[in-house]
Every structure is written in structure tokens, then in C-alpha cells.
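Structure record follows, encoded as C-alpha cells.
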Amino acid sequence: MKKENFMSMILGTIGGILFAIGMCMCMIKEWNTFNQGIVVGAVGLVVLLLMLFVRRKMQGKPAIKFNRKTVAIFILAVVGALVLGVGMCMTMVWQGLLMQGIIVGVIGIVLLQSLIPLCKGIK
Numbered sequence: 000m001k002k003e004n005f006m007s008m009i010l011g012t013i014g015g016i017l018f019a020i021g022m023c024m025c026m027i028k029e030w031n032t033f034n035q036g037i038v039v040g041a042v043g044l045v046v047l048l049l050m051l052f053v054r055r056k057m058q059g060k061p062a063i064k065f066n067r068k069t070v071a072i073f074i075l076a077v078v079g080a081l082v083l084g085v086g087m088c089m090t091m092v093w094q095g096l097l098m099q100g101i102i103v104g105v106i107g108i109v110l111l112q113s114l115i116p117l118c119k120g121i122k
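In case it helps, numbering that gives the first Met the number 0 puts the sequence shown at residues 0 to 122.
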């Protein structure tokens, strides 16, 4: 295993777990940890962003160039993740919205899958 893959795996796991725990802390009312959940989730996001920069540095690639395509891909990724998350909340947290939540979740998955041809292209 290459160093950049190992570092990405470690930082991705840590960041993903922190982000997931933070979101659980925000969503589960019985825990009474909304504010702490925001902090833990933000730390998870920072670790995930750090992973991106560390990986690019280890691969010898330049920093990310921000152009219209990069910004559009980022916005689509955020919207897709939010739509998928709302669909999950509708099915698991909010009462009586199972079918609507499944539909919203599938829309979120389709939005996230549309990132693949946008980033890699179709050959």
C-alpha cells in the first residue's frame, strides 16, 4: 500500500467517524448534545479537508484550481449529500414520512452519482 493511500484511509476514517458522530449528536434529541455535535461534525469536516490537501501534496499534484466547474461540482456534492441526509431523516427520525423519505433519498443518491461523469467524464 502506498503512503498516500494509507494516509487517506486513516484520515478519511477518522474524519468520517467524527462527522457521523457529530451528526448523530445533532439529530438524536435524547442525547441533548446539539451544540457539541456541531463542533464534532465540524472537526470531522476539517479532517476530511485536510485529507484532501495531504493526499494531493503526497502525490506531487498542485493545489486545487478553483474554476466554474470545480465550484459547480462542489455545490452539487453538497446539495446531493444534504438531499440524501434529509431523505434519511424523513425515514428514520420523522414519523409518517417513510415513502416520501425513500423518494427523497433516491433523488439524493442520483445527484451524488451524477458527480462521477462530471468529475471523470464519459469515455
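Note that the Cβ used here is the ideal one computed from N, Cα and C, for glycine as well.
Beta-carbon gap between residue i and residue j smaller than 7 Å
i      : j      : result
Ile102 : Val82  : no
Ala76  : Leu114 : yes
Gly104 : Met91  : no
Leu117 : Gly79  : no
Distance between residue j and residue i (C-alpha atoms, nearest Å)
i      : j      : result
Ile37  : Cys25  : 7 Å
Gly15  : Lys122 : 31 Å
Arg54  : Ala62  : 10 Å
Ile13  : Cys23  : 15 Å
Phe65  : Asn34  : 32 Å
Lys57  : Glu3   : Sequence check: residue 57 is Met here, not Lys. Looking at the two C-alpha atoms, the distance is approximately 6 Å.
Val85  : Gln112 : 17 Å
Lys119 : Trp30  : 41 Å
Val70  : Leu44  : 18 Å
Phe52  : Val42  : 15 Å
Gln99  : Lys28  : 22 Å
Phe5   : Trp93  : 38 Å
Residue burial classification, residue i (beta-carbon count within 10 angstroms, cutoff 16)
i      : result
Phe136 : Lying before the first or after the last residue shown, residue 136 is absent from the chain, which here runs from 0 to 122.
Leu97  : exposed
Phe18  : buried
Ala46  : Here the sequence assigns Val to residue 46, which means Ala is not the residue at that position. Val46 is buried by the Cβ-count criterion.
Gly59  : exposed
Met50  : buried
Met8   : exposed
Met0   : exposed
Gly95  : exposed
Whole-number beta carbon distance between residue j and residue i, since they are thought to touch under 8 Å
i     : j     : result
Gly11 : Gly40 : Actually they do not touch by this definition, with Cβ atoms about 15 Å apart.
Taking only runs that begin and end inside the segment 24-70, name each unbroken beta strand (DSSP E) of 3 or more residues, in chain order. none
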